[in-house]
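Participant: From first to last, the protein sequence lines stand for chains W and S.
Heads up: the first sequence begins at 1 in this note's numbering, then just goes up one per residue.
Heads up: the second sequence begins at 225 in this note's numbering, then just goes up one per residue.
Virtual Cβ for every residue (Gly too), placed ideally from N, Cα, C.
Computed from a predicted structure; not experimentally measured.
The structure's right below; bear with me while I get my questions together.
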Amino acid sequence: MPAAATARKPAPRARRAARPAARRAPRPAPRPAPRLVPVAVGRTAVAVGGIADSGLVLRLTRSRLWIGVLGSLLVGIVALNVFALSFNASSSKTAGIADELRRENSALRAQIEDGLSNQRLLQAASRAGLIVPEPGAVLYLDPDAADAAAASKRLRNGRITIGSEYVPPPVVPIPEAPPVTDPAATATATTEVPAETPAVTEAPPAPDPATTGTAPAAGGGITP
Amino acid sequence: MNLIDRRVGLMFASFVALLAVILVRAAWLQAVEGSEYRADARSQQTEMVNVPGVRGAILDRNGNALALSEDAASVFATPYQVENPPQAAAQLARVLKVDGAGLLERLANPDSGFEYLARKVDLPTAEKVQELRLEGIGLLPDSRRIYPEGELASQVIGTVGIDNQGLTGLEASEDEVLRGTNGEREITRDALGDELERDTVDAAAAGADLGLTIDAAVQAATERAVREIGETYEPEGATAIVMDPQTSEILAMANWPSVDPYALDEAETGDLQNMATSFTFEPGSTFKAFTVAGALEEKLVKPSTPFSLPPTITVADRTIEEAHPRGPVTLTVADILAQSSNVGAVSIGLQLNRERGGDAFDRWIRAFGFGETTGIDFPGEEQGIVLPPDEYSGSSMGNLPIGQGLAVTPIQMASAYAAIANGGILRTPKLILEEDGEATETETGERVISEKNAARLREMLEGVLEDGGTASAVEVPGYELAGKTGTAQKVVNGTYSETEYVGSFIGFAPAEDPRLLVSVVVDNPPYGSHYGGTVAAPAFGEIAKFALPHLGVAPDRVPAAP
Numbered sequence: 001m002p003a004a005a006t007a008r009k010p011a012p013r014a015r016r017a018a019r020p021a022a023r024r025a026p027r028p029a030p031r032p033a034p035r036l037v038p039v040a041v042g043r044t045a046v047a048v049g050g051i052a053d054s055g056l057v058l059r060l061t062r063s064r065l066w067i068g069v070l071g072s073l074l075v076g077i078v079a080l081n082v083f084a085l086s087f088n089a090s091s092s093k094t095a096g097i098a099d100e101l102r103r104e105n106s107a108l109r110a111q112i113e114d115g116l117s118n119q120r121l122l123q124a125a126s127r128a129g130l131i132v133p134e135p136g137a138v139l140y141l142d143p144d145a146a147d148a149a150a151a152s153k154r155l156r157n158g159r160i161t162i163g164s165e166y167v168p169p170p171v172v173p174i175p176e177a178p179p180v181t182d183p184a185a186t187a188t189a190t191t192e193v194p195a196e197t198p199a200v201t202e203a204p205p206a207p208d209p210a211t212t213g214t215a216p217a218a219g220g221g222i223t224p
Numbered sequence: 225m226n227l228i229d230r231r232v233g234l235m236f237a238s239f240v241a242l243l244a245v246i247l248v249r250a251a252w253l254q255a256v257e258g259s260e261y262r263a264d265a266r267s268q269q270t271e272m273v274n275v276p277g278v279r280g281a282i283l284d285r286n287g288n289a290l291a292l293s294e295d296a297a298s299v300f301a302t303p304y305q306v307e308n309p310p311q312a313a314a315q316l317a318r319v320l321k322v323d324g325a326g327l328l329e330r331l332a333n334p335d336s337g338f339e340y341l342a343r344k345v346d347l348p349t350a351e352k353v354q355e356l357r358l359e360g361i362g363l364l365p366d367s368r369r370i371y372p373e374g375e376l377a378s379q380v381i382g383t384v385g386i387d388n389q390g391l392t393g394l395e396a397s398e399d400e401v402l403r404g405t406n407g408e409r410e411i412t413r414d415a416l417g418d419e420l421e422r423d424t425v426d427a428a429a430a431g432a433d434l435g436l437t438i439d440a441a442v443q444a445a446t447e448r449a450v451r452e453i454g455e456t457y458e459p460e461g462a463t464a465i466v467m468d469p470q471t472s473e474i475l476a477m478a479n480w481p482s483v484d485p486y487a488l489d490e491a492e493t494g495d496l497q498n499m500a501t502s503f504t505f506e507p508g509s510t511f512k513a514f515t516v517a518g519a520l521e522e523k524l525v526k527p528s529t530p531f532s533l534p535p536t537i538t539v540a541d542r543t544i545e546e547a548h549p550r551g552p553v554t555l556t557v558a559d560i561l562a563q564s565s566n567v568g569a570v571s572i573g574l575q576l577n578r579e580r581g582g583d584a585f586d587r588w589i590r591a592f593g594f595g596e597t598t599g600i601d602f603p604g605e606e607q608g609i610v611l612p613p614d615e616y617s618g619s620s621m622g623n624l625p626i627g628q629g630l631a632v633t634p635i636q637m638a639s640a641y642a643a644i645a646n647g648g649i650l651r652t653p654k655l656i657l658e659e660d661g662e663a664t665e666t667e668t669g670e671r672v673i674s675e676k677n678a679a680r681l682r683e684m685l686e687g688v689l690e691d692g693g694t695a696s697a698v699e700v701p702g703y704e705l706a707g708k709t710g711t712a713q714k715v716v717n718g719t720y721s722e723t724e725y726v727g728s729f730i731g732f733a734p735a736e737d738p739r740l741l742v743s744v745v746v747d748n749p750p751y752g753s754h755y756g757g758t759v760a761a762p763a764f765g766e767i768a769k770f771a772l773p774h775l776g777v778a779p780d781r782v783p784a785a786p
């Protein structure tokens with residue numbers, strides 16, 4: 001290798017020596033544009049070809065460091081693939097967990113909605129002794145301008161405070177009905193429970209059918 | 225060349241030859257047999273999984289779920305892979321709580337490559353199936369419809385099929401909104417079956433939620449009232465509509481018999497229909513309000529205008545009489561409505577056509593929306609039957625003013641009465657409040673009668689629930705009520721039946737500024753209890769008693785002292 005490198009080195013000099021002869025040749029007219037490109041390409045090729053023989057490249061390529069560099073690169077590539085696989089597996093696992101959680105959420109949402117269903121709430125309220133108030137028993141308050149002033153006065157007096165905790169009224173437990181053991185007890189229990197007001201009175205109101213019993217002249221063929 | 229050089233040369237040549245063989249083999253494997261091996265590897269390592277797009281929920285106006293979807297799984301088998309079918313069938317039958325013989329029949333079919341063993345099982349059950357670790361048994365992700373309120377509004381909500389496609393009701397008409405888009409996922413596994421990679425091929429998209437105008441609590445109260453009618457009178461069917469007359473938003477739409485959404489196979493086809501929009505009937509006396517409305521608008525009568533009424537009135541070949549025979553009487557227009565006088569309503573209708581042209585009555589009833597669908601967002605709405613004036617017979621005007629000779633639907637009646645209740649504006653009944661969280665358009669409506677005449681009608685209709693009216697037994701403490709009863713004979717074989725009726729009641733409250741309108745229609749209650757005032761009006765009272773305080777409607781009168 002060194003011998004070859006040494007032998008090649010004079011080549012550029014030889015080319016340089018040839019140039020004056022070229023300059024001496026008569027030329028009809030200067031045409032730089034068409035010749036510039038091949039010359040540049042030729043010079044670049046020579047320069048690139050020379051890189052391989054340059055001392056720096058030779059020192060680098062012969063260095064033992066390369067063994068380590070190449071080894072590291074190979075290990076790195078393998079490690080990269082292993083990491084990629086590992087990340088894929090881990091991401092897949094996470095996606096699986098996310099899917100599982102989404103499924104659980106969907107089931108839990110259904111359970112919550114089931115628990116909050118109107119029917120269950122009514123049953124729970126009924127067990128707690130709550131009843132729907134009679135329409136006339138509900139008191140509606142009409143707010144007016146004086147209410148704000150009254151509230152302000154109460155705040156000043158300290159009768160109400162901002163942020164005071166709501167104290168719920170004491171809950172009176174509803175005693176369970178004792179088991180009926182004898183007819184007398186049944187009679188007592190029956191009399192104590194107020195009879196439910198019948199929603200429908202039996203007395204029929206004045207009826208209003210348009211009845212003649214004859215066949216309808218118009219629209220008689222209409223089947224509802 | 226010495227011996228060592230020759231050996232080195234030989235070895236080199238051998239290596240070159242070996243390399244050439246390897247290269248040729250590699251080229252053969254990759255170029256010629258490559259596609260086959262790639263396909264084999266793909267089938268062994270990767271798996272395409274269908275990801276179901278969850279169907280959107282149907283919510284009431286307060287966000288309570290009436291129908292929603294939850295994840296589920298379908299259990300399938302690859303029968304030829306099942307090692308011991310009888311044992312597998314027995315194990316699966318215990319977990320799936322199904323008949324083992326049926327399972328075995330499907331598992332023991334060696335020619336089949338795929339059999340569903342159970343569709344849409346819940347996740348805990350699916351997990352138990354997985355824990356059995358049976359060869360040839362697998363799970364497919366799926367979703368299933370849940371109805372937290374059970375039978376509530378089942379005919380309105382509708383049904384979905386096995387592939388989660390809408391079949392009836394809103395599930396069908398709003399299928400495009402509710403339906404999710406299924407996705408596909410590719411899962412790569414290693415030799416041990418552990419998941420290495422999961423790629424989404426097509427992303428699944430969940431369907432949008434649908435918010436209804438229905439109020440679940442009012443719906444439940446309405447269904448209780450309708451069920452009570454059904455259990456007490458055992459009619460062929462019954463329906464009730466609860467509406468906010470100011471906006472025409474439907475708060476409840478109930479039918480009897482109801483349908484269990486989890487047992488659709490047990491329901492009769494007719495029971496799946498929403499009577500409120502599909503039942504056509506002759507309305508009878510509830511229609512008299514529109515006869516009076518036309519006459520008021522044409523300035524022919526006032527509430528106090530007296531009519532001298534004979535016991536009967538004959539129009540062409542038809543004689544119309546009152547429900548209860550009476551002598552000649554003078555009744556005001558308000559009395560005619562309150563007492564539901566047939567002769568009086570026919571007299572007003574005849575006067576309307578006589579003085580304003582032969583099609584005046586027809587114009588007015590069409591203005592209230594009869595003869596065409598209301599346009600409610602519900603599939604299969606009937607339009608009723610209203611004959612054009614040129615097809616009237618001589619006696620038509622003896623029938624039409626009293627609600628005979630034409631057919632309407634409960635929703636048409638409710639919509640038209642809402643116009644009277646809200647001051648004269650006819651709006652399309654509204655059932656869908658929100659789509660995917662966005663409010664649907666609110667219609668401004670169209671004025672059909674003046675505010676003054678609407679108020680007059682409301683006042684006249686109060687008389688129906690007062691002493692002497694046809695629904696005087698109904699009251700809601702604290703509230704002034706208004707409404708109208710109807711008892712119409714059904715047409716059987718072209719003749720008005722003497723034993724089959726449709727009883728109905730439409731009322732609203734508070735009478736002066738109505739916030740609640742209730743329409744109750746009962747199809748063919750037993751003869752004797754067929755009057756609208758008996759069979760339908762009490763249900764109105766029950767519904768109003770719950771709904772008025774629930775909706776925060778303040779009473780408009782002080783309850784009478786006991």
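1. Would you identify the three-state DSSP class for Pro310/S, choosing helix, strand or coil?
2. If we cut at 8 Å on Cβ distances, does Arg103/W have a partner in chain S?
3. Determine the closest residue to Gly375/S out of Gly326/S, Ser571/S, Leu496/S, with distance taken between C-alpha atoms.
4. Kindly list, in the order they appear in chain W, the residues whose Cβ is closer than 8 Å to that of Glu351/S.
5. Grab me the residues of Leu65/W's own chain with a C-beta within less than 6 Å of its C-beta, minus the 5 sequence neighbours each way, in chain order.
6. Could you please give me the residues that DSSP links to Ser728/S through a beta bridge?
7. Does chain W have any CB closer than 8 Å to the CB of Asp780/S?
8. With a cut-off of 8 Å, does the C-beta of Phe770/S fall near any C-beta of chain W?
9. When you compare only the Cα positions, how much space is there between Pro310/S and Arg357/S?
10. Give me the residue from Pro779/S, Pro701/S, Leu434/S with the minimum Cα distance to Arg739/S.
11. May I have the straight-line CA-CA distance separating Thr181/W from Pro481/S, to the nearest angstrom?
12. Helix, strand or coil, according to DSSP, for Pro365/S in the structure here?
13. Under the rule that 16 or more other beta-carbon atoms within 10 Å means buried, what is Gly233/S, buried or exposed?
14. Using a cut-off of 7 Å between C-beta atoms, extract the partners of Pro38/W located in chain S.
15. According to DSSP, is Arg343/S helix, strand or coil?
16. Tell me the rounded alpha-carbon separation between Tyr457/S and Ile537/S.
17. Count Cβ pairs between the segment 387–403 of chain S and the segment 274–286 of chain S that sit closer than 8 Å; are there 3 or more?
18. Report the neighbours of Ser92/W on chain S: residues whose CB is nearer than 7 Å to its CB, in chain order.
19. Could you pull the DSSP bridge partners for Tyr720/S from this structure?
20. For the beta strand (DSSP E) containing Arg739/S, name the first residue and the last one.
21. Does Tyr457/S come out as helix, strand or coil in the three-state DSSP assignment?
22. Given that Tyr261/S touches chain W, what residues does it touch there, using C-beta distances under 8 Å?
23. Distance cutoff 8 Å, beta carbons only. Does Ala110/W sit that close to anything in chain S?
24. Rounded to the nearest angstrom, how far is the Cβ of Arg403/S from that of Glu271/S, given a contact under 8 Å?
25. Tell me the DSSP secondary structure of Leu234/S in three-state form.
26. Pairing CB atoms from the segment 666–676 of chain S with CB atoms from the segment 443–460 of chain S, are three or more of them under 8 Å?
27. Could you give the distance in angstroms between the alpha-carbon of Gly324/S and the alpha-carbon of Leu316/S?
28. Give me the chain S residues within the contact set of Leu80/W, using Cβ-Cβ distance strictly less than 9 Å, ordered along the chain.
29. Measuring CB atoms only, is the segment 512–521 of chain S touching the segment 487–494 of chain S, in the sense that at least three cross pairs come out at less than 8 Å?
30. Let's see if you can read the secondary structure: which residues bound the beta strand (DSSP E) around Thr424/S?
31. State the start and end residues of the unbroken alpha helix (DSSP H) segment that holds Asp295/S.
32. Short check: CB of Glu768/S to CB of Val744/S, under 8 Å?
33. By how many angstroms is the C-alpha of Thr510/S removed from the C-alpha of Phe585/S?
34. Can you check which of these residues, Gly362/S, Val245/S, Tyr371/S, Thr664/S, is closest to Ala487/S by C-alpha distance?
35. Which of the three DSSP states, helix, strand or coil, is assigned to Lys526/S?
36. From the DSSP secondary-structure annotation, give me the bridge partner or partners of Thr598/S.
Facilitator: In this structure, then:
1. helix
2. yes
3. A small correction: the amino acid at residue 375/S is Glu; Gly does not occupy that position in the sequence shown. Checking every option, the nearest Cα to that of Glu375/S belongs to Leu496/S.
4. Chain W residues near Glu351/S: none, gap ~10 Å exceeds 8 Å.
5. none
6. Gly710/S, Val745/S
7. no
8. yes
9. 15 Å
10. Pro779/S
11. Note that Thr181/W has pLDDT 39, beneath the 50 cutoff, so the model's placement of it is unreliable and no number is given.
12. strand
13. exposed
14. By Cβ distance, chain S contributes nothing, its closest Cβ being about 40 Å from Pro38/W, past 7 Å.
15. strand
16. 33 Å
17. yes
18. Glu419, Leu420, Glu421, Arg422
19. Val715/S
20. First-last for Arg739/S: undefined, no H or E at that position.
21. helix
22. Correct list: empty, because the minimum Cβ distance to chain W is about 21 Å.
23. yes
24. Not really, about 26 Å apart at Cβ, beyond 8 Å.
25. helix
26. no
27. 8 Å
28. Here the premise fails: no neighbours, minimum Cβ distance about 16 Å.
29. no
30. 419–426
31. Element bounds for Asp295/S: not the alpha helix (DSSP H) but the beta strand (DSSP E), 289–301.
32. Reading off the sequence, residue 768/S comes out as Ala, not Glu. Going by C-beta atoms, Ala768/S is not nearer than 8 Å to Val744/S.
33. 16 Å
34. Tyr371/S
35. coil
36. DSSP, once it has assigned bridges, lists no residue as partnering Thr598/S.
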